[in-house]
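Heads up, the thing below is written out as structure tokens.
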Amino acid sequence: MAMLPEITLLVLAFVILLTDLFVPLATMRKWAPLGAMLGLAVSLVLLFALPTESSLFGGRFVMDEVTWWFKLVFLVSGFLVVGFSADLMSGKHIRKDQLLESPSEFLVVLLFTLTGMLYLVSSRDMVTMYVSLELATIPLFVLAAWRKRDELSEEAGMKYL
212 MAMLPEITLL VLAFVILLTD LFVPLATMRK WAPLGAMLGL AVSLVLLFAL PTESSLFGGR
272 FVMDEVTWWF KLVFLVSGFL VVGFSADLMS GKHIRKDQLL ESPSEFLVVL LFTLTGMLYL
332 VSSRDMVTMY VSLELATIPL FVLAAWRKRD ELSEEAGMKY L
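Each residue of the sequence shown is one higher than the one before, starting from 212 at the first, in my numbering.
See the structure below:
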């Protein structure tokens, strides 16, 4: 029960990725950000439904008040990032060269980063902390070098590594 927000984000990421296989790109540009925001809202509701004191896996995954507040900040920040990047995915108010080529992949990478951050604040073991840190940072390498045709984006990705 303490891992419901994280599980919701992982399921949401895989649903968006699988939906991208069968739905046309124009439809994904319009509906993928809304679906991601809906999933993040569900994850926020589940966070509010959780007890503030619980642990799993012999104390390796802990939910306390500080963890709860950090998860709240991360989920609200993720909601805002998806909301602000919706124009980049749909093509409204931006130039053609700024348009994201695959909005669903962008959202999946963002959701994996967010899931890693949620796991990181709940971890109380070095192995769990290391795995969640990797889950949070490796997608950030991809986000830093997201624009394939932009030299500055490629340079940022190489420097991040």
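Backbone N, C-alpha and C define an ideal beta-carbon position, used for all residues, glycine too.
**Message:** Does valine 273 come out as helix, strand or coil in the three-state DSSP assignment?
**Reply:** Looking up residue 273 in the sequence shown gives position 62. In the structure shown, valine 273 sits in a strand (DSSP, three-state: E or B).
**Request:** Report yes or no: do three or more beta-carbon pairs, one from the stretch 291 to 301 and one from the stretch 244 to 252, lie closer than 8 angstroms?
**Result:** yes
**Request:** Find out if the Cβ-Cβ distance for the pair leucine 331, leucine 344 is shorter than 7 angstroms.
**Result:** Start at 1 with the first residue of the sequence shown, and residue 331 comes out as number 120. Start at 1 with the first residue of the sequence shown, and residue 344 comes out as number 133. Taking a C-beta distance under 7 angstroms as the contact criterion, leucine 331 and leucine 344 qualify as a contact pair.
**Request:** Find the nearest neighbour of serine 265 within the set Ala213, Val320, Leu346, judged by alpha-carbon distance.
**Result:** Taking the first residue of the sequence shown as 1, we reach residue 265 at position 54. Comparing Cα-Cα distances from serine 265 to each of Ala213, Val320, Leu346, the minimum goes to Ala213.
**Prompt:** Which runs of the alpha helix (DSSP H), 4 residues or longer, sit entirely within the stretch 312 to 338?
**Reply:** 314 to 333
**Asked** Taking Cβ to Cβ, would you say alanine 252 is nearer than 7 angstroms to leucine 322?
**Response** Position 41 of the sequence shown, counting from 1, holds the residue named residue 252. Position 111 of the sequence shown, counting from 1, holds the residue named residue 322. No, the pair does not count as a contact, with Cβ atoms beyond the cut-off.
**Prompt:** Going by alpha carbons, who is nearest to phenylalanine 272 out of Leu236, Gly327, Ile349?
**Reply:** To locate residue 272, count along the sequence shown from 1; it is residue 61. Nearest C-alpha to phenylalanine 272: Gly327.
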